[in-house]
Amino acid sequence: MCRQNCSCMAYSSLNITGGGSGCVIWGEDLVDMRQYAVAEGGQDLYVRVAAADSDSAEGSVGSAGGSDKTKQILMVAGIIIGICFVLSGVIICFVWKRKTLKEKIKHRGTD
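In our numbering, each residue's number is its place in the sequence shown (first place is 1) plus 4.
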């Protein structure tokens, strides 16, 4: 419905009771909106979005973070960096304890 009309921004079916049908098309801004009560069930509003603005667009970088390959690379890099930090901390603790132990032994030997 909205695909053939380049100026169409959104469309929705009309709430026509008694077997009627129809639709509303928005050409520019989404004005003249109605809010339906929860008991009425509301209606669907179909908004036209450029493919570049869509989360499913290939290679897009939005709030989703990008493509699956980019996410995998970032995840692996994060894991490797995390492991390096942990190993560095363990090595630093080991070297520090070894140094303090040698100093204690040396200090006891001079007494």
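Note that the Cβ used here is the ideal one computed from N, Cα and C, for glycine as well.
It should be emphasised that the depicted structure is a prediction, and the values quoted were computed from it without experimental measurement.
Only residues of its own chain outside the window of five on either side were considered, and among them Ser16, Ser17 have a CB closer than 8 Å to the CB of Asp48, listed in chain order.
By the neighbour-count definition (other C-beta atoms within 10 Å, threshold 16), Trp30 is a buried residue. Sequence-distant Cβ neighbours of Lys101 in its own chain, meaning closer than 8 Å and more than five residues away, do not exist here.
DSSP, read as helix, strand or coil, puts Cys97 in helix.
Here Ser25 carries a coil assignment [DSSP, helix/strand/coil].
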